[in-house]
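Worksheet: one structure, shown below.
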DNA sequence: ACGACGATTTAGACTAGCCAAAATTAATAA
DNA sequence: TTATTAATTTTGGCTAGTCTAAATCGTCGT
Ligand SMILES: [Mn+2]
Ligand SMILES: [Mn+2]
Ligand SMILES: [Mn+2]
Ligand SMILES: [Mn+2]
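Chains as they are written, first to last, in our numbering: chain A, 792 to 1025; chain B, 792 to 1025.
Below, the structure is given as structure tokens:
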């Protein structure tokens, strides 16, 4: 029914909308998908005709509930695939994203079910991003804040890490920083470099670009430092 | 580089060529892919321009070595996926084909490697079809003959079963007839219906359309009746 | 209030893939 | 040998998705 291309537009609009709220500008979509603005304008027209987005000329687009459901469906596929690849095919968390991007449009609902079952209905992917439920109910907003917004002596737990940059993910994996890791902010230098203590010993200095990809929540008092994987409630 | 569509043409030409030999007619490809003859003529022109097939006008097409390599690559993906779905995601052999068709163009070489590894480099898929090796060396011809070509009292081992028709596969699964099963031909009726004994007790009558989808080889003397999965050499 | 500038849309064009109708060719039958 | 017929190719046209260049809009600074 919907082409791969349309699904990618809807997924992208959803993700921009989730970060910056509507309306989503033509150029933001063009940047994210590496297309030209006229191309995006044209496709937004198609999506509007199909009732998947609403649009105000020269302002931007916003997903309709139908459009959001499609976006959640693709996001569910993507994140289930990431989790499956990591869990059952020995992929590292820096490798899963591209493979999931290629497969997310092509798996059947049956495949989705069986993968979810093999993983026992996971609620987060390897980067800590929430996996939409099978009924595609809207995701609740994320309470996490970027590590760059924190101050010295803050104790925080890593909630999720942006999966956009493979190199950053490898860097963080080496540093032992993954979702669930407890961090203590040791220093915030000019230009946004953040130094954190992981566990009780190792210290890591993170360039701003890396630190702002790490989303964290306040550590609960009793939490020991280290890399557990549990996710607390909101 | 190559589109999904082109890959499907090459795979299809390979399979027709394997059964009937070159040249492969325009209409044979059109039938297999459910396209019109002009569409196929046009695409064969593209494939010829890319050096993947050779063509003689009004006669048909034949894969070049490069075209055959691409076809084997796709076939390897398809059959590895079928094997993986059956082995690790609990698909039945009647379900795997469509899912593999959808995914075969979209997996990475890394995914291919990991799936092959998870399966310990399998040599046949769930239907008994050979899986091309990682180096894509040409497959040797198949010695198996259709069950319809056999006579009463012949004892044979099922080598492979055409995976084209889901209903037939379910029928055969119920009848306990899978690759490796030893059969004894009990009766050949007019209109090609074949009755076989599986194991030492059950008898099954198979309509011609089903019987001609079953490819068999002579049973070695010591082989007991039943559903073992080993594959003998050529 | 107005002009400049950046963002957006419109206009026009291109490719891949597809089909229907018409023309052509090869094979077969008279 | 010639005529019929079936397969194939050619012709022309359609949609989806993309781009460049040109026109237009909205905003922001003066
Ligand atoms: Mn789904
Ligand atoms: Mn992810
Ligand atoms: Mn491959
Ligand atoms: Mn198969």
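For every residue, glycine included, the Cβ atom is placed at its ideal position computed from N, Cα and C. In this text the structure is predicted, and so the values were computed from the model without any measurement.
At least one CB of chain A closer than 8 angstroms to the CB of residue 881 of chain B: is that the case? Taking Cβ atoms only, chain A reaches closer than 8 angstroms to residue 881 of chain B, which makes this a yes.
C-beta neighbour in chain B for residue 894 of chain A, strict 8 angstroms: Closer than 8 angstroms to some Cβ of chain B, the Cβ of residue 894 of chain A qualifies, so yes.
Cα-Cα separation between residue 892 of chain B and residue 812 of chain B, rounded to whole angstroms: Our two residues, residue 892 of chain B and residue 812 of chain B, have alpha carbons roughly 23 angstroms apart in a direct line.
Specify the secondary structure class of residue 841 of chain A as computed by DSSP and reduced to three states. Residue 841 of chain A carries a coil assignment under DSSP once its states are collapsed to helix, strand and coil.
Pick from A/993, A/888 and A/932: whose alpha carbon is nearest that of residue 958 of chain A? Nearest C-alpha to residue 958 of chain A: A/888.
Whether residue 851 of chain B touches residue 885 of chain B by CB criterion (8 angstroms): Not closer than 8 angstroms, so no.
Residues, ordered as in the chain, of the region 902-915 of chain B that lie near chain A by beta-carbon distance below 8 angstroms: Residues 902, 905, 906 and 909.
Is it the case that the Cβ atoms of residue 990 of chain B and residue 950 of chain B are separated by a distance below 8 angstroms? In this structure, residue 950 of chain B does not lie closer than 8 angstroms to residue 990 of chain B by Cβ.
Cβ of residue 868 of chain A less than 8 angstroms from any chain B Cβ? For residue 868 of chain A, not one C-beta of chain B is nearer than 8 angstroms to its own C-beta.
For chain B, find out if any of its Cβ atoms is closer than 8 angstroms to the Cβ of residue 899 of chain A; answer yes or no. Judged by the 8 angstroms Cβ criterion, residue 899 of chain A is in contact with chain B.
Can the beta-carbon of residue 862 of chain A be found closer than 8 angstroms to that of residue 824 of chain A? It is not a contact, given that the beta carbons lie outside the stated cut-off.
Tell me whether the region 839-846 of chain A and the region 862-879 of chain B touch, counting them as touching only if at least three CB pairs, one residue from each stretch, are closer than 8 angstroms. Contact fails: fewer than three Cβ-Cβ distances are below 8 angstroms.
When you compare the CB of residue 859 of chain B with every CB in chain A, is at least one pair closer than 8 angstroms? Not flagged as an interface residue toward chain A: residue 859 of chain B, since no C-beta distance is shorter than 8 angstroms.
Name the residue from A/941, A/912, A/822 and A/905 whose alpha carbon lies nearest to the alpha carbon of residue 986 of chain A. For residue 986 of chain A, the closest of A/941, A/912, A/822 and A/905 by C-alpha to C-alpha distance is A/941.
Considering just the uninterrupted stretch of the beta strand (DSSP E) at residue 979 of chain A, what are its terminal residues? In the DSSP assignment, residue 979 of chain A falls within the unbroken beta strand (DSSP E) covering 973-979.
Please report the Cβ distance between residue 939 of chain B and residue 1006 of chain B, rounded to the nearest whole angstrom; I am assuming they are in contact, meaning their Cβ atoms lie under 8 angstroms. Contact flag wrong, Cβ pair sits at about 10 angstroms.
Run down chain B in chain order and give the residues with a C-beta less than 9 angstroms from the C-beta of residue 942 of chain A. The contacting residues do not exist; residue 942 of chain A stays about 41 angstroms from chain B at best.
If you draw a straight line from the C-alpha of residue 925 of chain A to the C-alpha of residue 917 of chain B, how long is it? C-alpha separation (whole angstroms): 29 angstroms.
Taking 7 angstroms as the cut-off, is the C-beta of residue 903 of chain B nearer than that to any heavy atom in ligand 3? Yes, Cβ of residue 903 of chain B sits closer than 7 angstroms to a heavy atom of ligand 3.
For the beta strand (DSSP E) that residue 994 of chain B lies in, which residues bound it at each end? For residue 994 of chain B, the enclosing beta strand (DSSP E) stretches over residues 994-997.
Simplified DSSP assignment, three categories, for residue 808 of chain A: In the structure shown, residue 808 of chain A adopts helical secondary structure according to DSSP, grouped into three states.
Please check the pair residue 927 of chain A and residue 969 of chain A, which I expect to be a contact at CB under 8 angstroms, by giving their CB distance rounded to whole angstroms. That belief does not hold up - the Cβ atoms of residue 927 of chain A and residue 969 of chain A are roughly 27 angstroms apart, past 8 angstroms.
My parser needs the alpha helix (DSSP H) runs of 4 or more residues fully inside the region 837-888 of chain A; what are they? Those alpha helix (DSSP H) runs which fall completely within the region 837-888 of chain A and span 4+ residues are 856-879.
For ligand 1, any of its heavy atoms closer than 7 angstroms to the Cβ of residue 951 of chain A? Not one heavy atom of ligand 1 is found less than 7 angstroms from the C-beta of residue 951 of chain A.
Own chain partners of residue 1002 of chain A with C-beta closer than 6 angstroms, once the 5 adjacent residues on each side are dropped: Excluding positions up to five away in sequence, the list reads 938, 939 and 985.
Please classify residue 803 of chain A: does DSSP put it in a helix, a strand, or coil? Judged by DSSP in its simplified three-state form, residue 803 of chain A adopts helix.
Given a limit of 7 angstroms on CB to CB distance, which residues of the region 953-967 of chain A reach chain B? Cβ contacts with chain B: none found.
Please state if the CB of residue 975 of chain B and the CB of residue 955 of chain B are separated by a distance shorter than 8 angstroms. When the beta-carbon positions are compared, residue 955 of chain B and residue 975 of chain B stay at least 8 angstroms from each other.
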